[in-house]
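2 protein chains.
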Amino acid sequence: MTAAAAFRFELTTRPAGPVAPRTGRLHTAHGIVETPVFMPVGTLATVKTLLPAEVAETGASIILVNAYHLYLRPGHRLIERLGGVHRFMRWDRPILSDSGGFQVFSLASLRKVTEDGVRFRSHIDGSEHHYTPELAMEVQQALGVDIAMPLDHVVPGDAPYEAAAEAVQRTLRWYRRCREAAPGLPTFAIIQGGTHPALRRYHAREALQAEPPGFSIGGLSVGEPKARMWETVELTNAELPIERPRYLMGVGSPEDLVEGIARGIDMFDCVLPTRLGRNGALFTDTGRLTIRNAANREVDAPPDPVCDCLACRQFSLAYLHHLFRNDELLGHRLATHHNLRYLARLVERARQAIRDGSFEQFRREFLARYRTADEEARLASRRRM
Amino acid sequence: MTAAAAFRFELTTRPAGPVAPRTGRLHTAHGIVETPVFMPVGTLATVKTLLPAEVAETGASIILVNAYHLYLRPGHRLIERLGGVHRFMRWDRPILSDSGGFQVFSLASLRKVTEDGVRFRSHIDGSEHHYTPELAMEVQQALGVDIAMPLDHVVPGDAPYEAAAEAVQRTLRWYRRCREAAPGLPTFAIIQGGTHPALRRYHAREALQAEPPGFSIGGLSVGEPKARMWETVELTNAELPIERPRYLMGVGSPEDLVEGIARGIDMFDCVLPTRLGRNGALFTDTGRLTIRNAANREVDAPPDPVCDCLACRQFSLAYLHHLFRNDELLGHRLATHHNLRYLARLVERARQAIRDGSFEQFRREFLARYRTADEEARLASRRRM
Numbered sequence: 053m054t055a056a057a058a059f060r061f062e063l064t065t066r067p068a069g070p071v072a073p074r075t076g077r078l079h080t081a082h083g084i085v086e087t088p089v090f091m092p093v094g095t096l097a098t099v100k101t102l103l104p105a106e107v108a109e110t111g112a113s114i115i116l117v118n119a120y121h122l123y124l125r126p127g128h129r130l131i132e133r134l135g136g137v138h139r140f141m142r143w144d145r146p147i148l149s150d151s152g153g154f155q156v157f158s159l160a161s162l163r164k165v166t167e168d169g170v171r172f173r174s175h176i177d178g179s180e181h182h183y184t185p186e187l188a189m190e191v192q193q194a195l196g197v198d199i200a201m202p203l204d205h206v207v208p209g210d211a212p213y214e215a216a217a218e219a220v221q222r223t224l225r226w227y228r229r230c231r232e233a234a235p236g237l238p239t240f241a242i243i244q245g246g247t248h249p250a251l252r253r254y255h256a257r258e259a260l261q262a263e264p265p266g267f268s269i270g271g272l273s274v275g276e277p278k279a280r281m282w283e284t285v286e287l288t289n290a291e292l293p294i295e296r297p298r299y300l301m302g303v304g305s306p307e308d309l310v311e312g313i314a315r316g317i318d319m320f321d322c323v324l325p326t327r328l329g330r331n332g333a334l335f336t337d338t339g340r341l342t343i344r345n346a347a348n349r350e351v352d353a354p355p356d357p358v359c360d361c362l363a364c365r366q367f368s369l370a371y372l373h374h375l376f377r378n379d380e381l382l383g384h385r386l387a388t389h390h391n392l393r394y395l396a397r398l399v400e401r402a403r404q405a406i407r408d409g410s411f412e413q414f415r416r417e418f419l420a421r422y423r424t425a426d427e428e429a430r431l432a433s434r435r436r437m
Numbered sequence: 053m054t055a056a057a058a059f060r061f062e063l064t065t066r067p068a069g070p071v072a073p074r075t076g077r078l079h080t081a082h083g084i085v086e087t088p089v090f091m092p093v094g095t096l097a098t099v100k101t102l103l104p105a106e107v108a109e110t111g112a113s114i115i116l117v118n119a120y121h122l123y124l125r126p127g128h129r130l131i132e133r134l135g136g137v138h139r140f141m142r143w144d145r146p147i148l149s150d151s152g153g154f155q156v157f158s159l160a161s162l163r164k165v166t167e168d169g170v171r172f173r174s175h176i177d178g179s180e181h182h183y184t185p186e187l188a189m190e191v192q193q194a195l196g197v198d199i200a201m202p203l204d205h206v207v208p209g210d211a212p213y214e215a216a217a218e219a220v221q222r223t224l225r226w227y228r229r230c231r232e233a234a235p236g237l238p239t240f241a242i243i244q245g246g247t248h249p250a251l252r253r254y255h256a257r258e259a260l261q262a263e264p265p266g267f268s269i270g271g272l273s274v275g276e277p278k279a280r281m282w283e284t285v286e287l288t289n290a291e292l293p294i295e296r297p298r299y300l301m302g303v304g305s306p307e308d309l310v311e312g313i314a315r316g317i318d319m320f321d322c323v324l325p326t327r328l329g330r331n332g333a334l335f336t337d338t339g340r341l342t343i344r345n346a347a348n349r350e351v352d353a354p355p356d357p358v359c360d361c362l363a364c365r366q367f368s369l370a371y372l373h374h375l376f377r378n379d380e381l382l383g384h385r386l387a388t389h390h391n392l393r394y395l396a397r398l399v400e401r402a403r404q405a406i407r408d409g410s411f412e413q414f415r416r417e418f419l420a421r422y423r424t425a426d427e428e429a430r431l432a433s434r435r436r437m
């Protein structure tokens, strides 16, 4: 059975409309994923610092790998010969791959976009590559993922209307080529259009023609104001069929998960929990905890007393502080584990609240307690004045 | 009960003499250690990259921490207030601490040795400290370790006779002060004397007066020829009572473990397995395996097919190669785990061979197969000629 044949999405609660919270179930060739879901990022076929069994222990049911990175190193054909990316990295649950469109346009140099594809130089060794919609699908097929992304033409978040419109048209054409190139892969449509409402609506409506198995909202969380991002999510979701999954790409702070779920998003991914973990910041219900703060030096209690992760069950905040002050890798592991566990619990709490019909209350209470990084910074600068 | 009251060593096989292989058992306040044993190094109260449970899984029954490092950061009094180093790092098996003599003389700057102790500047922040035999014991007592080392006066391995002799005399006087300062701690005598046979013999004989619970052989494996090191171990062990444990400090390559055990050493420690692991080298019975070698790129088999470690049970050498080429921390973890497991199995094999009366055969066969790093380098340079 192909990944596409195995793929199915069902709603398990009936949402109030296209822009409303919902729970669902993604059926894939490697098992079922309850939604809303946060997908840990394993760019290079490893969720940084963790064993696959540990990622699963956090409650993660699906992870993301990156086709651009694995195409460059070690190469998709090598992974294919070794039995596919699941076997290569020893992760037997579902995997979604990003096509690498975003990476080609952000990491690689000397890009030249034509209708055929994009020519670029590798960010690793400067070697020249020609990446096409067909090649992006060839890579993802060789990896053997459960859900694929098409190659899209990415423009900066503040690109003017004309440039954004051209990218949308090209992304639509490329999407059709992707579907033809890999009919056996469930390949979502990526909706672009920056923060131009008309373009977003247009892209969503046009994408519908190809009957995508799911929709990704790309090009957000790239520096635009938060209010703008949520307006864009709302007007995009308003165009999308209720019964298909929606994936908000690259978004993964706790407050953004709650706000996205409130607007009918089913899937999220972001490097934030793993990257912040390696930098010594922990998610908690009241905001981010900075492990290195001197105040934590002698705290003989779990970093987050309500958390059941490996770090909080076993170690004191004082010990984590000690590990981070000395740049010990065990600290990176423990903080990464905590943050992934935190987000897995957060989406589980959201799912439960949706099922109970109490999501609005959950959202209100969560946001009232949670101090975002922006708010922290504002408070700190006010104290300095 | 004090750590000293709990401490006892028993031989479980009768050696042929003072310079012959033997098995034994260290009884400590935190449990029993079968010897010969390799002790993984957890300098800063963490065996780099691993959880305590994983260190235990490798088969390690005792680890080493460093008093100098923990005195500087986070401070021994803080660890004492948090319940001691076992509780701080969540390791409930025995812990041996090095006094930090070696580190004071190798890492710190602006050292000034007087009879009272050694004044130095911290390698971390340049702060000035006065480390004395009494302070070294205060630190180790606060940590709550099971076996302590005295402060010794360390001189370079190639120090002339007069300088080495003066250091030996001072180390003898300091040892008496250490024992008086901490009668509740089992504190080994460290035997110094460089590679001067007369000094080594003198130090060993004089140290006996204080009836040490065990003996450490220091100042070796610092660049002297291997033959010189083993001669020194032999003549030192020849002076020591058969029924007391002997610890060869800072030695831990597979071939050196086998050679040390052959000469009646009971305990070893070294950063080699953990450091080599982070650099991508794995111990095997035929020598070191360099994970990054291009030849390993597509090897769909365990790194070491006869090994039962986490890495070899689960992952392919091709995947480890991929992790190391991309500097992924999971690679560091897996290689560290493998090397510690390898040494734990090696000492277990040696213990079994001693019990079976087949150690000489084991040693001969092991050394015939094992290609040391020196031999590899010689072969490589011959190929280049």
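Here the protein sequences line up with chains A and B, keeping their order. Note that the working numbering gives residue 233 to position 181 of the first sequence, counting from 1, and the numbers run on in steps of one. Note that the working numbering gives residue 252 to position 200 of the second sequence, counting from 1, and the numbers run on in steps of one. For every residue, glycine included, the Cβ atom is placed at its ideal position computed from N, Cα and C.
| Asked | Found |
| --- | --- |
| Presumed contact (8 Å Cβ cut-off) between Ala188 (chain A) and Gly236 (chain A), rounded CB distance | So it is not a contact: roughly 15 Å between Cβ atoms. |
| Segment contact, 8 Å Cβ cut-off, at least three pairs: the region 380 to 387 of chain A with the region 324 to 338 of chain A | yes |
| Within 8 Å of chain B by C-beta, residues of the region 119 to 136 of chain A in sequence order | Arg125, Pro126, Leu130, Arg133, Leu134 and Gly135 |
| Chain A contact for His138 (chain B) (CB, 8 Å cutoff) | no |
| Classification of Leu431 (chain A) by the beta-carbon crowding that lies within 10 angstroms, buried from 16 upward | exposed |
| Extent of the continuous beta strand (DSSP E) run through Asn118 (chain B) | Ile115 to Asn118 |
| Under 8 Å by beta carbon: chain B residues contacting Ser368 (chain A) | Leu134 and Phe140 |
| Chain-order list of residues whose beta-carbon lies under 7 Å from that of Ala58 (chain B) (same chain, five-residue window excluded) | His79, Thr80 and Ala81 |
| Near-chain A residues of the region 329 to 361 of chain B (beta-carbon distance less than 9 Å), N- to C-terminal order | Arg330, Arg349, Glu350 and Asp352 |
| Local conformation of Lys278 (chain B) per DSSP, three classes | helix |
| Contacts that Leu96 (chain A) makes with chain B (C-beta to C-beta distance below 9 Å) | His374, Leu375, Asn378 and Glu380 |
| Within chain A, partners of His384 (chain B) - CB distance below 7 Å | Leu381 |
| Any 3 or more C-beta pairs closer than 8 Å across the region 312 to 324 of chain A and the region 87 to 95 of chain A | yes |
| Where Glu214 (chain A) falls, given that 16 or more other Cβ within 10 Å makes a residue buried | exposed |
| Minimum Cβ-Cβ distance from Lys100 (chain B) to chain C less than 8 Å | The displayed structure is made up of protein chains A and B, and chain C is not among them. |
| CB contact flag (Val165 (chain B), His205 (chain B), <8 Å) | yes |
| Local Cβ density within 10 Å of Ile176 (chain B), reported as buried at 16 or more and exposed below that | exposed |
| Beta carbon proximity, Leu103 (chain B) to chain A, threshold 8 Å | yes |
| Supposed close pair Asp337 (chain B), Arg228 (chain B) - CB separation, criterion 8 Å | With 8 Å as the limit, Asp337 (chain B) and Arg228 (chain B) do not qualify as a contact, their Cβ atoms being about 45 Å apart. |
| Neighbour list for Tyr227 (chain B) in chain A, Cβ cutoff strictly below 7 Å | Chain A residues near Tyr227 (chain B): none, gap ~30 Å exceeds 7 Å. |
| Proximity winner among B:Lys278, B:Leu372 and B:Pro202, relative to Gly266 (chain B) (alpha-carbon distances) | B:Pro202 |
| Asp408 (chain A), DSSP secondary structure in three states | helix |
| Chain-ordered neighbours of Tyr371 (chain B) on chain A, where CB pairs are closer than 7 Å | Phe140 and Met141 |
| For Glu311 (chain B) and Gly83 (chain B), the rounded distance between their alpha carbons | 27 Å |
| Cβ neighbours of Ser158 (chain B) in the same chain (closer than 7 Å, five flanking residues each side left out) | none |
| Spatial distance of Gly383 (chain B) from Val85 (chain B) (CA atoms) | 29 Å |
| Strand pairing of Glu428 (chain A), partner residues [DSSP] | Glu428 (chain A) is not bridged to any residue. |
| Stretch pair the region 106 to 124 of chain B + the region 393 to 403 of chain B: three plus CB contacts closer than 8 Å | yes |
| At least 3 beta-carbon pairs within less than 8 Å: the region 278 to 292 of chain A vs the region 245 to 261 of chain A | yes |
| For Ile269 (chain B), the three-state DSSP class (helix, strand or coil) | strand |
| Secondary structure of His374 (chain B), DSSP reduced to three states | helix |
| Thr64 (chain A) burial status per 10 Å Cβ neighbour count (16 or more: buried) | exposed |
| Cα-Cα separation between Val137 (chain B) and Ala279 (chain B), rounded to whole angstroms | 38 Å |
| DSSP beta-bridge partners of His181 (chain B) | B:Phe172 |
| Arg416 (chain A) classed as buried or exposed, judged by whether at least 16 other C-beta atoms fall within 10 angstroms | exposed |
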